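S.K.: Below is one structure. I have some questions about it.
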Amino acid sequence: MTAPDLSVPLCGVRLGNPLVLASGILGTSAELLERVARCGAGAVTSKSCGPTPRAGHPNPTVLAWGHGLINAVGLSNPGADEEVRILRDAKARLAPLGVPLIASIFAETVQGFGDVARKVAEAAPDFIEVNISCPNVEAEFGRPFAADARDAAAVTAAVRRAVSLPIIVKLSPNVPDIAAIARAVEGEGADAIAAINTLGPGMVIDTDSGKPILANRTGGVSGPAIRPIAVRCVYDVSRAVRVPVIGIGGVTCGRDAVEMIMAGATAVGIGSAVYYRGPEVFAAIREELRGFMETHGYSDISQMRGLAHDA
Amino acid sequence: MTLDLPTAFRIRDIRDESPTVRTFTLDGAVQAEPGQFVMVWLPRVNEKPFSLVDDAPITLTIARVGPFTEAAHRLRVGDRLWLRGPYGRGFERLARPAVLVAGGYGAAPLAFLARRLRAEGVEVAVALGAKRACDLVLAERFRDAGCSVHLATEDGSLGHRGLATDVAARLLDANPDAALYACGPEAMLQRLAHLCRERGVPGQFSMERMMKCGLGVCGSCDHHGLLVCRDGPVFSADQVLGARGDFPSPCGRA
């Protein structure tokens with residue numbers, strides 16, 4: 000049998016393997032993005048950037064609560080102008096490695112999303128990820144744009160008008176019908192969908208002081224605890240739309256990645272696993288994935304994609 | 000054993016080290032290596048990283064530099080503070096004479112290191128520097144551990160008039176086989192890293208950065224692609240100076 004081919008196509012861009020560094024993890028500098036690429040990621044996502052600099056929430060912002068992480072970092076970022084410099088630097092470092100760059104953006108208004116997208120496009124990333132689903136920041140309607148199909152569609156349309164780059168829209172699991180949101184953003188020109196952002200928000204209380212530990216009191220829940228929910232969301236979304244899906248949520252090993260692909264994902268996001276296994280997690284999962292394919296006689300990722308849909 | 004969630008400890012003793020630096024001894028212990036740090040949480044205030052001055056009992060030396068540390072300095076014996084950790088990569092203790100270089104409250108992790116090195120029978124010389132005599136901290140701890148302590152003040156009010164780095168260079172002259180361990184302002188660490196490179200001295204340097212998660216995921220403490228919270232806070236000379244090709248993991252830039 001020939002060696003399995005781990006590469007996947009994503010909106011016309013070839014990823015050497017399906018593992019993508021998820022936004023918000025280690026994506027703060029060009030050097031860190033380069034390091035993750037060298038650690039074996041198929042693509043890397045920069046930390047979500049907004050129109051202007053943001054300090055984020057005070058600490059504690061991230062906790063390992065026992066079965067995953069909970070975070071309320073609060074979209075700390077250097078603002079779009081500085082982000083363009085970081086993205087240009089990152090792009091130059093990633094190009095020789097053949098690892099595509101996904102620039103993640105957010106804004107407080109529909110118009111703002113278009114403006115930030117236009118700005119970061121100056122750095123020529125391979126994709127723009129539209130983060131409409133951060134649970135720790137309130138948008139102009141007092142809730143994440145991902146909570147409502149019309150809001151999600153409006154943001155997608157604004158970014159679509161602003162840039163010609165492939166657009167990935169990142170969805171929230173905290174909705175009754177994620178497939179409906181996915182259809183709405185696909186209808187406005189999303190080229191791919193990332194699902195899911197963190198679950199919740201959740202809360203962890205210190206019983207000695209009687210106080211919530213996170214300074215923001217609540218935060219988004221990630222890690223192994225949310226994986227079954229992420230898998231179900233990816234399953235629902237990939238059955239509802241024709242565009243590719245990046246499946247994200249609690250993947251920490253090769254078998255988890257296979258599960259995401261069988262749910263319908265084209266690529267697989269890796270986030271909290273960096274806490275459990277370090278930046279080396281990318282090469283580790285890639286090799287576990289390769290081992291699974293060899294054992295089960297798969298020569299191509301696409302042979303596993305959406306297998307669960309036939310059930 | 001790592002405490003994943005902030006865990007309450009009662010303050011057993013508080014000692015003034017200088018007008019702005021205080022050492023807190025807690026009722027309780029953790030298992031740590033010198034150079035590792037904990038995230039200290041004061042509910043509804045903030046959470047910040049601090050190097051351990053000792054792990055049994057847990058001992059923290061806190062300089063008053065902002066709102067969080069001001070709140071910490073308002074704590075009294077019997078009050079509680081919370082911490083999670085220990086985190087990070089500490090000092091690797093080498094079996095050769097040690098020169099420890101401390102700038103200001105950078106003495107904190109080195110006091111822990113000195114105690115362990117002395118317990119292992121290693122000869123330890125300490126260059127302890129600060130702006131003024133009253134800013135020199137933890138000298139007694141180093142002496143009690145059996146180190147030779149050499150003071151330096153920028154204003155000349157005590158010991159050598161000048162920087163701890165001057166004293167360190169002299170100590171290395173006298174101990175050409177020594178290993179160097181340092182913590183203090185970044186300019187001091189860079190100067191010492193160059194010194195180690197020039198002389199072929201094995202050097203380890205504890206760096207300080209703003210941190211959020213302390214867990215190696217948020218990227219706030221990036222130093223040239225290295226995570227101070229997880230790859231550090233103790234780094235080699237090359238890493239301090241931002242040289243390429245020196246990641247501690249197998250994912251280095253080959």
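Residue numbers (numbering that gives the first Met the number 0), protein chains in the order written: chain A, 0 to 310; chain B, 0 to 253. Just so it is clear, CB atoms sit at the ideal spot from N, CA and C, and this is done for glycine as well. Since the model is a prediction, treat every value here as computed from it, not as a measurement.
Say whether the region 194-201 of chain A touches the region 227-234 of chain A, bearing in mind that this needs 3 or more beta-carbon pairs closer than 8 Å, one atom from each stretch.
M.R.: At 8 Å Cβ cutoff, the stretches touch.
S.K.: Would a check of beta-carbon distances place Thr60 (chain A) closer than 8 Å to chain B?
M.R.: In the first sequence, counting from the first residue as 1, residue 60 (chain A) sits at position 61. Yes, contact with chain B.
S.K.: On the three-state DSSP scale, how would you describe Leu137 (chain B)?
M.R.: Translated into positions along the second sequence, residue 137 (chain B) becomes position 138. Correct three-state label for Leu137 (chain B): coil.
S.K.: Return the first residue and the last residue of the alpha helix (DSSP H) that Gln110 (chain A) is part of.
M.R.: The residue you call residue 110 (chain A) lines up with position 111 of the first sequence. Per DSSP, Gln110 (chain A) belongs to the alpha helix (DSSP H) from Val109 to Val119.
S.K.: Could you pull the DSSP bridge partners for Val100 (chain B) from this structure?
M.R.: Residue numbering aside, residue 100 (chain B) sits at position 101 when the second sequence is read from its first letter. Per DSSP, B:Ala126 and B:Ala181.
S.K.: If I measure Cβ to Cβ from Ala308 (chain B) and keep anything under 7 Å in the same chain, skipping five residues before and after, which residues do I get?
M.R.: There is no way to answer for residue 308 (chain B), as the model of chain B reaches only from 0 to 253.
S.K.: Taking 8 Å as the threshold (C-beta atoms), are Asn173 (chain A) and Leu213 (chain A) in contact?
M.R.: Numbered from its first residue, the first sequence carries residue 213 (chain A) at position 214. Numbered from its first residue, the first sequence carries residue 173 (chain A) at position 174. For Leu213 (chain A) and Asn173 (chain A), no; Cβs fall outside 8 Å.
S.K.: If you drop the 5 nearest sequence neighbours on each side, which residues of the same chain put their C-beta closer than 7 Å to that of Gly123 (chain A)?
M.R.: Indexing the first sequence from 1 puts residue 123 (chain A) at position 124. One detail in the question is off: residue 123 (chain A) reads as Ala in this sequence, not Gly. So the list reads Lys90, once near-sequence residues are dropped.
S.K.: Measure from the alpha carbon of Glu82 (chain A) to the alpha carbon of each residue in A:Gly186, A:Ala120, A:Leu9 and A:Arg304, then state which is nearest.
M.R.: On the first sequence, residue 82 (chain A) is found 83 positions in, with the first residue counted as 1. Comparing Cα-Cα distances from Glu82 (chain A) to each of A:Gly186, A:Ala120, A:Leu9 and A:Arg304, the minimum goes to A:Ala120.
S.K.: Check Ala91 (chain A) in the structure and name its three-state DSSP category.
M.R.: Residue mapping note: residue 91 (chain A) aligns to position 92 of the first sequence, counting from 1. Here Ala91 (chain A) sits in helix by DSSP.
S.K.: Could you name the residues that DSSP lists as bridge partners for Cys48 (chain A)?
M.R.: To locate residue 48 (chain A), count along the first sequence from 1; it is residue 49. In the DSSP output, where bridge partners are listed per residue, Cys48 (chain A) has A:Ile104.
S.K.: Ala29 (chain A) and Ile104 (chain A) look like a contact to me (Cβ under 8 Å); what is the Cβ gap, rounded to whole Å?
M.R.: The residue you call residue 29 (chain A) lines up with position 30 of the first sequence. The residue you call residue 104 (chain A) lines up with position 105 of the first sequence. So it is not a contact: roughly 17 Å between Cβ atoms.
S.K.: What does Leu4 (chain B) reach in chain A if we use C-beta pairs closer than 9 Å?
M.R.: Position 5 of the second sequence, counted from the first residue, corresponds to residue 4 (chain B). Simply Leu62, Ala63, Trp64, Gly65, Val203, Asp205 and Ile212.
S.K.: When the Cα atoms are used, what is the spatial distance from Arg9 (chain B) to Leu59 (chain B)?
M.R.: Position 10 of the second sequence, counted from the start, is the residue given in the question as residue 9 (chain B). Position 60 of the second sequence, counted from the start, is the residue given in the question as residue 59 (chain B). Arg9 (chain B) and Leu59 (chain B): Cα-Cα distance of roughly 13 Å.
S.K.: Run the CB neighbour count on Ser147 (chain B), radius 10 Å, all protein chains shown included, and call it buried at 16 or more, exposed below.
M.R.: Sequence index remark: in the second sequence, residue 147 (chain B) carries index 148 (1-based). Exposed.
S.K.: How is the beta strand (DSSP E) around Val236 (chain A) delimited, first residue to last?
M.R.: For the purposes of this step, residue 236 (chain A) is taken as the residue at position 237 of the first sequence. No beta strand (DSSP E) contains Val236 (chain A), which is instead part of the alpha helix (DSSP H) from Arg226 to Ala239.
S.K.: Is there at least one Cβ from chain B nearer than 8 Å to Val72 (chain A)'s Cβ?
M.R.: What you label residue 72 (chain A) is simply residue 73 of the first sequence in a count that begins at 1. Closer than 8 Å: yes.
S.K.: For the candidate residues B:Thr19, B:Met0 and B:Ser219, whose alpha-carbon lies nearest to that of Pro85 (chain B)?
M.R.: Within the second sequence, residue 85 (chain B) is the residue found at index 86, counting from 1. Checking every option, the nearest Cα to that of Pro85 (chain B) belongs to B:Met0.
S.K.: Should Ala128 (chain A) go down as buried or exposed, given a rule of 16 or more other Cβ atoms within 10 Å for buried?
M.R.: To locate residue 128 (chain A), count along the first sequence from 1; it is residue 129. The amino acid at residue 128 (chain A) is misidentified as Ala; the sequence shows Glu. So Glu128 (chain A) ends up on the buried side.
S.K.: Mapping DSSP to helix, strand and coil, what is Ser6 (chain A)?
M.R.: Locating residue 6 (chain A) in the first sequence gives position 7, where the first residue counts as 1. In the structure shown, Ser6 (chain A) sits in coil (DSSP, three-state: anything other than H, G, I, E or B).
S.K.: Between the region 95-112 of chain B and the region 177-192 of chain B, do three or more beta carbon pairs fall short of 8 Å?
M.R.: In short, these stretches touch, since the Cβ pair count reaches three.
S.K.: Sort B:Ala94, B:Val239, B:Leu179 and B:Arg114 by Cα distance to Pro33 (chain B) and report the nearest one.
M.R.: For this step, residue 33 (chain B) is matched to residue 34 along the second sequence. Closest option to Pro33 (chain B), Cα to Cα, is B:Arg114.
S.K.: Within the 8 Å Cβ cut-off, does Glu119 (chain B) reach chain A?
M.R.: Indexing the second sequence from 1 puts residue 119 (chain B) at position 120. No, no contact with chain A.
S.K.: Going along chain B, which residues have a C-beta under 8 Å from Ile24 (chain A)?
M.R.: Within the first sequence, numbered from 1, the residue matching residue 24 (chain A) stands at position 25. Chain B residues near Ile24 (chain A): Val216, Cys217 and Gly218.
S.K.: Using only the alpha-carbon positions, how far apart do His159 (chain B) and Val166 (chain B) sit?
M.R.: Position 160 of the second sequence, counted from the first residue, corresponds to residue 159 (chain B). Position 167 of the second sequence, counted from the first residue, corresponds to residue 166 (chain B). Roughly 8 Å between the two C-alpha positions.
S.K.: So, is the C-beta of Lys90 (chain A) closer than 8 Å to a C-beta in chain B?
M.R.: Walking along the first sequence from the start, residue 90 (chain A) turns up at place 91. Not closer than 8 Å to any Cβ of chain B, the Cβ of Lys90 (chain A) fails to qualify, so no.
S.K.: Touch check for the region 35-48 of chain A and the region 211-227 of chain A: three-plus C-beta pairs under 8 Å?
M.R.: The region 35-48 of chain A, when compared against the region 211-227 of chain A, does not touch it at the 8 Å Cβ threshold.
S.K.: Could you pull out every unbroken beta strand (DSSP E) segment of at least 3 residues lying fully inside the region 164-202 of chain A, listed in chain order?
M.R.: Correct list: 166-170, 191-194 and 198-201.
S.K.: When the cut-off is 8 Å and only beta carbons count, does Asp237 (chain B) lie next to chain A?
M.R.: As a working mapping, residue 237 (chain B) is identified with position 238 in the second sequence. No, Asp237 (chain B) lies away from the interface with chain A (no Cβ there is under 8 Å from its Cβ).
S.K.: Any C-beta of chain A sitting closer than 8 Å to the C-beta of Ala7 (chain B)?
M.R.: Position 8 of the second sequence, counted from the start, is the residue given in the question as residue 7 (chain B). Taking Cβ atoms only, chain A reaches closer than 8 Å to Ala7 (chain B), which makes this a yes.
S.K.: For Glu128 (chain A), which of helix, strand or coil comes out of DSSP?
M.R.: The residue labelled residue 128 (chain A) in the question sits at position 129 within the first sequence. The answer is strand: DSSP assigns Glu128 (chain A) an E or B state.
S.K.: Hey, is Val273 (chain A)'s beta-carbon within less than 8 Å of any beta-carbon in chain B?
M.R.: Working through the first sequence from its first residue, we reach residue 273 (chain A) at position 274. So yes, Val273 (chain A) belongs to the interface.
S.K.: Work out the CA separation of Gly263 (chain A) and His308 (chain A) for me, nearest whole Å.
M.R.: Counting from one through the first sequence, the residue named residue 308 (chain A) turns up at place 309. Counting from one through the first sequence, the residue named residue 263 (chain A) turns up at place 264. In a straight line, the C-alpha of His308 (chain A) is about 8 Å away from that of Gly263 (chain A).
S.K.: When the Cα atoms are used, what is the spatial distance from Asp207 (chain A) to Trp81 (chain B)?
M.R.: Translated into the one-based positions of the first sequence, residue 207 (chain A) becomes position 208. Translated into the one-based positions of the second sequence, residue 81 (chain B) becomes position 82. Taking the straight line joining both Cα atoms gives about 9 Å.
S.K.: On the DSSP letters alone, give me the boundaries of the beta strand (DSSP E) that Phe234 (chain B) sits inside.
M.R.: Against the second sequence, residue 234 (chain B) aligns to sequence position 235. Phe234 (chain B) -> beta strand (DSSP E) spans Val233 to Ser235.
S.K.: Would you verify that the beta carbon of Asp143 (chain B) is, or is not, closer than 8 Å to some beta carbon of chain E?
M.R.: Checking the listed chains, one finds no chain E in this structure; the protein chains it contains are A and B.
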